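Chains as they are written, first to last, in the numbering used here: chain A, 1 to 156; chain B, 1 to 562. Note that CB positions come from ideal geometry on N, CA and C, so glycine has one too. Predicted model only: the values in this text are computed from it and were never measured.
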């Protein structure tokens, strides 16, 4: 990927033919009426990932308060040289309020150039969003942020 | 400054003088303080920033009482702006009964209002701004922090056009926004085209294309210095106000975006970086602690008036009040892209002592004249002091809640904790203009719905968390929703879901039953399609019927942890 591609706007990217796609595997299973919690997320992390997650390396970009719970933008970037010997293999996205805690997994290779992705999530209520990154050297990193879904009104 | 005792000596002397055409109160105020005193300043450096914010379309002088209760939680407990009354006076070394005490606190408000008179008036602001510009023609930037287009009868009727005319006449250099957006995206774009200066919002993006909707930064050369002004609109506009009015625009605090804007300004060679913000004071205080490189944040939204800057790392935070009551002046000495020295003054706009700017008076008259018969129409009188500011209640809100209960035959009333709205002294007439100062919005419908006791608690908890979340980034500003027909206890230091207790119906003294339905009247719903009469019409009708408004002491909210 070149420097020019990095600075393309979404409009330009879609208009042009240079859009590239990341492999995205949606892993949510609908279970109406039920939702996960912090313990379910912990269990899901243990199931998917070997090792104890450490803090750091991950930058999350999502609103503190959702403008629209039906489509909350969620993005992350994991700090890594993305070289042959040291790269981000997988990033898992979890939500404590989702029917199933696993929302998506993103797979990267050194050729990805950077471990960055963005998506949108539906959130029925206030909850923590958790990002877990597995590195090629076996290390695991984790970051967490609360997204509030409010009734709205009354400001200012 | 003179003490009240000295002032009365002077007033007595003034009274002994031959009668003049001036009214007596104006004569007293002029003895106390002169326009020249207000403009006196320790001029410094290359750049003069003039800031006002949250004017809420107040064109003519008003009374405005600062809050008695303005609590801070967590790390900001007891820090400015979360100090009021006597504590405020002590903190800033202001004597009681002084003009400063009158301008900055609630203390002895009615008596001091009679002494020192009204505040604000855009023709008075114009006089101050022109005088500063005349002194510093090549150094001055005049910046408006937003919430300018909303809050009056004429701004509502002209959909903000009256205020754009006023802003252009003031010769502003830039503005940012919040309530402006409640005219809807198309109208905002239309008005923005009419502005003769930039409308800066670094944090408003088109959700379809992820592009900036407005200019983010403007650059100005002042006193040989390159000044970057970054605008930050109110981050929670589509949440605190109806999202359907701006469905394709996304806001947010977005720290990373701010870091990028600061880097852009640095790369463009800016010597001084100013953030013209509508974040709210606590949000800006946190932002300043986490984003480096901003020299000055001109704060807004939370309507705080502070007589001295608050310094966070290398950033100066300025809070210039609201309603045209204050104009701030900040002079900056910049050397090697750093602020080396500054002087600051929060100038109270004492209407009786500032000579109105003739051109601006003419423009205000032109705006108001076609509506004069309606806006000056007297609906009734008030026996008590009416005001809005305060975390939990205000007397004008008590009147609104009574109107909602009575006119919509409801058990419980809910009125939003807006921080805008002028004050009225005991004995004053209440006009249509005055009612609009508290209700003039583009989504004014008063609904009448059934809600369960459980849902009422959810609402109170939700709003309380907007106000008392210990992380400022989760705060939306505004005050607690005002409630009529119900009392409750709030422990501000708890978490969401545990702050509210003892909800009791005032009708029968019984606890609110979570499973029972209650008839609730409220206004300013953010939901599209809300039906019912406009709040300004309903409140006007109520006051007309009552003729005399009395507000008993309100002890319906018990506060724990203040």
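Could you check what DSSP says for residue i in three-state terms: helix, strand or coil?
i, result
"residue 168(B)", "helix"
"residue 179(B)", "helix"
"residue 125(B)", "helix"
"residue 466(B)", "helix"
"residue 473(B)", "helix"
"residue 107(A)", "strand"
"residue 42(A)", "helix"
"residue 134(A)", "strand"
"residue 550(B)", "coil"
"residue 47(A)", "helix"
"residue 263(B)", "helix"
"residue 541(B)", "helix"
"residue 27(A)", "In this prediction, residue 27(A) scores a pLDDT of 32, lower than 50, which makes its location untrustworthy; the coordinate-derived value is nonetheless stated afterwards. Here residue 27(A) sits in coil by DSSP."
"residue 492(B)", "coil"
"residue 312(B)", "strand"
"residue 153(A)", "coil"
"residue 455(B)", "helix"
"residue 138(B)", "coil"
"residue 133(B)", "helix"
"residue 486(B)", "strand"
I want to verify the contact list: residues of chain A whose CB lies under 7 Å from the CB of residue i, in sequence order.
i, result
"residue 526(B)", "152, 153"
"residue 243(B)", "67, 68"
"residue 250(B)", "67"
Ordered along the chain, which non-local residues of its own chain (more than five positions away) have a Cβ less than 7 Å from that of residue i?
i, result
"residue 33(A)", "Any answer about residue 33(A) is weak, because its pLDDT of 48 lies below 50 and its placement is not dependable; what the coordinates show is given next. Result list for residue 33(A): empty, nothing under 7 Å."
"residue 286(B)", "472, 473"
"residue 112(A)", "82"
"residue 259(B)", "291"
"residue 377(B)", "431, 432"
Starting from the beta carbon of residue i, find every residue of chain B whose beta carbon is closer than 7 Å, and list them in chain order.
i, result
"residue 64(A)", "253, 473, 474"
"residue 37(A)", "By Cβ distance, chain B contributes nothing, its closest Cβ being about 15 Å from residue 37(A), past 7 Å."
"residue 61(A)", "256"
How is the beta strand (DSSP E) around residue i delimited, first residue to last?
i, result
"residue 375(B)", "It is not in any beta strand (DSSP E) - residue 375(B) instead sits in the alpha helix (DSSP H) that spans 372 to 375."
"residue 344(B)", "338 to 348"
"residue 326(B)", "326 to 335"
"residue 443(B)", "Residue 443(B) -> no beta strand (DSSP E), and no H or E assigned at all."
"residue 273(B)", "272 to 277"
"residue 146(A)", "140 to 147"
"residue 559(B)", "557 to 560"
"residue 304(B)", "That residue, residue 304(B), is in no beta strand (DSSP E); it is neither H nor E in DSSP."
"residue 119(B)", "Residue 119(B) -> no beta strand (DSSP E), and no H or E assigned at all."
Can you find the residues in the same chain that come closer than 6 Å, C-beta to C-beta, to residue i, ignoring five residues on each side of it along the sequence?
i, result
"residue 92(B)", "307"
"residue 271(B)", "225, 226, 334, 337"
"residue 250(B)", "205, 207"
"residue 177(B)", "146, 233"
"residue 551(B)", "384, 395, 398"
"residue 126(A)", "148, 149"
"residue 299(B)", "277, 281, 284, 317, 319"
Output, in chain order, the set of chain A residues within a Cβ distance shorter than 8 Å of residue i.
i, result
"residue 459(B)", "151"
"residue 462(B)", "150, 151"
Go through its chain and collect everything with a Cβ distance to residue i's Cβ below 8 Å, but skip five positions before and after it.
i, result
"residue 139(A)", "51, 54"
"residue 192(B)", "199, 214"
"residue 28(A)", "Residue placement at residue 28(A) is poorly supported in this model, since its pLDDT is 32, which falls under 50; the coordinates are not used for a value here."
"residue 63(A)", "72, 73, 147"
"residue 3(B)", "Residue placement at residue 3(B) is poorly supported in this model, since its pLDDT is 46, which falls under 50; the coordinates still yield a value, given next. Result list for residue 3(B): 95, 97, 98, in chain order."
"residue 485(B)", "401, 405, 410, 411, 412, 413, 505, 506, 507"
List the endpoints of the continuous alpha helix (DSSP H) containing residue i.
i, result
"residue 115(B)", "109 to 116"
"residue 189(B)", "185 to 194"
"residue 367(B)", "358 to 368"
"residue 435(B)", "432 to 439"
"residue 286(B)", "281 to 290"
"residue 156(B)", "153 to 157"
"residue 38(B)", "35 to 39"
Cβ closer than 8 Å: which chain B residues qualify as neighbours of residue i?
i, result
"residue 148(A)", "465, 474"
"residue 85(A)", "Ordered by position in chain B, no residue passes the 8 Å Cβ test against residue 85(A), which lies about 29 Å from the chain."
> Which residue spans inside the region 202 to 249 of chain B form an unbroken alpha helix (DSSP H) run of at least 4?
Replying inline: Uninterrupted alpha helix (DSSP H) stretches at least 4 residues long and entirely within the region 202 to 249 of chain B occur at 237 to 240, given in chain order.
>> Give the list of continuous alpha helix (DSSP H) stretches no shorter than 4 residues that lie fully inside the region 378 to 420 of chain B.
In response: 395 to 407
>> Extract the residue ranges of the beta strand (DSSP E) inside the region 50 to 102 of chain A, only unbroken runs of 3 or more that lie entirely within it.
In response: 58 to 61, 72 to 78, 88 to 95
> Which parts of the region 42 to 107 of chain B are runs of the alpha helix (DSSP H), unbroken and 4 residues or longer, counting only runs that do not cross its ends?
Replying inline: Within the region 42 to 107 of chain B, the complete alpha helix (DSSP H) runs of at least 4 residues are 85 to 92, 99 to 104.
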